[in-house]
Each structure stands twice: as structure tokens, then as C-alpha cells.
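For the sequence shown, counting from 1, position 129 maps to 129 in UniProt numbering; every step adds exactly one.
The beta-carbon is built from N, C-alpha and C at its ideal position, and this holds for glycine as well.
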Amino acid sequence: MFSTELSGAVMLLKLIRGCPGVKKNEFLTSVLDALSTDMVHAVSDPSSASRISEPDPNHTLEERVVYWYFNQLDKNSSGDIGKKEIKPFKRFLRKKSKPKKCVKKFVEYCDVNNDKALSVQELMGCLGVTKEEAPKNVGESTSSNKQHALKKQG
Numbered sequence: 001m002f003s004t005e006l007s008g009a010v011m012l013l014k015l016i017r018g019c020p021g022v023k024k025n026e027f028l029t030s031v032l033d034a035l036s037t038d039m040v041h042a043v044s045d046p047s048s049a050s051r052i053s054e055p056d057p058n059h060t061l062e063e064r065v066v067y068w069y070f071n072q073l074d075k076n077s078s079g080d081i082g083k084k085e086i087k088p089f090k091r092f093l094r095k096k097s098k099p100k101k102c103v104k105k106f107v108e109y110c111d112v113n114n115d116k117a118l119s120v121q122e123l124m125g126c127l128g129v130t131k132e133e134a135p136k137n138v139g140e141s142t143s144s145n146k147q148h149a150l151k152k153q154g
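Spelled out as C-alpha cells, the structure:
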């Protein structure tokens with residue numbers, strides 16, 4: 001099992017087929033933006049409050065978003081998102097993410113150990129959400145995502 005830092009570093013270096021550098025950064029930003037928006041709507045909707053737990057204050061906004069969404073997808077609470085559970089994520093990506101070329105191979109890109117399921121570490125890694133301790137030279141897209149998240153907060 002990869003640690004969050006290691007899988008994040010591996011994912012930032014790995015390429016999504018048909019989705020080079022700048023497009024990949026644009027894609028990851030659009031996915032995180034859409035997930036953040038969905039989380040905010042869910043938090044403010046009293047009817048969905050049962051699925052939302054108190055966020056860990058040690059987590060960044062991006063980490064909270066990933067944990068929240070992972071828990072939404074992990075219907076059987078197995079600790080990973082299996083083949084059936086991943087379908088809503090694929091629909092979400094097709095519907096809300098740009099550029100479209102990056103959507104096609106994204107789930108396969110996320111599945112680092114090729115077990116046809118996603119762990120929370122794999123999801124964090126493929127979205128470029130890493131811990132602060134991650135090497136600075138690897139986390140370029142992560143730092144731009146954090147700046148973007150900070151702009152949204154302020």
C-alpha cells in the first residue's frame with residue numbers, strides 16, 4: 001500500500017494518456033473545483049447531513065474534499081471503491097470535468113496497483129492532493145491547486 005505522500009509523488013510524475021502537462025493540470029483543477037462545489041452544496045443541504053462527518057482540522061480543504069467524496073462512493077465501507085462503486089465517479093468526470101480527453105483513462109491512471117479498485121490514497125494521489133511533507137519539486141500542480149483553493153476561501 002502506498003503512503004499518501006508516495007502515491008501523490010508517483011501520480012504527479014505519471015502521465016494520463018492523451019492528457020499532457022498543462023491539460024492535466026487544468027483537468028485536475030476542474031475535478032477538484034467540481035468536487036469542492038458538490039461538497040459545499042451537500043454540507044449546506046440539511047437532508048444530506050447524515051453522510052457528512054466532522055472534518056479533520058489537520059486536513060487541507062482539498063484533503064477534506066477527497067475524503068468526503070471517497071466516503072460518498074464507498075457505499076459498502078470496505079475502504080476502497082470497487083467496480084460498481086466507481087461508476088458514479090466516471091459519470092461525474094464525464095459531466096463536470098474538462099478537457100474531455102483527460103477523462104477517458106483517468107480511473108485507470110488512478111489505480112496504481114491495478115487491482116480494479118481505488119483506495120483513498122490512490123484517489124488523493126491521482127488528484128494531486130498530497131501532504132505538506134511532499135517534496136517541493138514534485139508538488140507543482142498541488143501548490144497551484146492549493147493557491148486556487150485559498151482564493152476560493154478568501
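### For Asp-74 and Lys-84, the rounded distance between their alpha carbons
Start at 1 with the first residue of the sequence shown, and residue 84 comes out as number 84. Start at 1 with the first residue of the sequence shown, and residue 74 comes out as number 74. Pairing Lys-84 with Asp-74, the inter-Cα distance amounts to about 10 angstroms.
### Task
Per DSSP, which residues does Leu-118 bridge with? Please list them.
The sequence position of residue 118 within the sequence shown is 118, counting from 1. Beta-bridge pairing links Leu-118 to Ile-81.
### Message
With a threshold of 8 angstroms on Cβ separation, who are the neighbours of Val-66 within its own chain once the five nearest residues in sequence on each side are excluded?
### Response
Sequence index remark: in the sequence shown, residue 66 carries index 66 (1-based). Hits under 8 angstroms: Leu-35, Val-120, Leu-123, Met-124, Leu-127, Val-129.
### Query
Does the segment 24 to 38 come close enough to the segment 94 to 102 that 3 or more CB-CB pairs lie under 8 angstroms?
Judged by Cβ distances under 8 angstroms, the segment 94 to 102 makes contact with the segment 24 to 38, as three or more pairs qualify.
### Message
At the level of alpha carbons, what is the spacing between Lys-87 and Pro-57?
### Response
On the sequence shown, position 87 is the one that residue 87 refers to. On the sequence shown, position 57 is the one that residue 57 refers to. The C-alpha of Lys-87 lies about 30 angstroms from the C-alpha of Pro-57.
### Query
By how many angstroms is the C-alpha of Leu-61 removed from the C-alpha of Trp-68?
Here residue 68 is taken as the residue at index 68 of the sequence shown, counted from 1. Here residue 61 is taken as the residue at index 61 of the sequence shown, counted from 1. If I take the Cα positions, the gap works out to 10 angstroms.
#### Entry: Sequence-distant residues of the same chain with beta carbon closer than 7 angstroms to Arg-94, five excluded per side
As a first step, residue 94 must be located in the sequence shown, where it is residue number 94. Cβ within range, chain order: Val-103.
### Segment limits, alpha helix (DSSP H) that includes Arg-17
On the sequence shown, residue 17 is found 17 positions in, with the first residue counted as 1. Arg-17 -> no alpha helix (DSSP H), and no H or E assigned at all.
### Task
Helix, strand or coil for Ser-36, going by three-state DSSP, please let me know.
Residue mapping note: residue 36 aligns to position 36 of the sequence shown, counting from 1. Three-state DSSP puts Ser-36 in a helix.
### From Val-31, Lys-23, Arg-64, residue whose alpha carbon lies closest to that of Val-43
Taking the sequence shown and counting its residues from 1, the one referred to as residue 43 is at position 43. When only C-alpha atoms are compared, the closest one is Arg-64.
#### Entry: Three-state class that DSSP yields for residue 155 in the structure shown
Because residue 155 is not part of the residues shown, which for the chain are 1 to 154, the question remains open.
#### Entry: Boundaries of the alpha helix (DSSP H) in which Leu-73 is found, first to last residue
Numbered from 1 along the sequence shown, position 73 holds the residue referred to as residue 73. That run of the alpha helix (DSSP H) goes 61 to 73.
### Task
Pull up the distance between the alpha-carbon of Glu-108 and that of Asn-114, whole angstroms please.
If you number the sequence shown from 1, residue 108 lands on position 108. If you number the sequence shown from 1, residue 114 lands on position 114. So the two alpha carbons sit approximately 8 angstroms from each other.
### Message
Which of the three DSSP states is assigned to Asn-76 in this structure?
### Response
For the purposes of this step, residue 76 is identified with residue 76 of the sequence shown, where counting begins at 1. In this structure, Asn-76 counts as coil in the three-state DSSP scheme.
### Beta carbon of Ile-16 nearer than 7 angstroms to that of Lys-90
Your numbering for residue 16 matches position 16 in the sequence shown. Your numbering for residue 90 matches position 90 in the sequence shown. Not in contact: Ile-16 and Lys-90 (Cβ atoms no closer than 7 angstroms).
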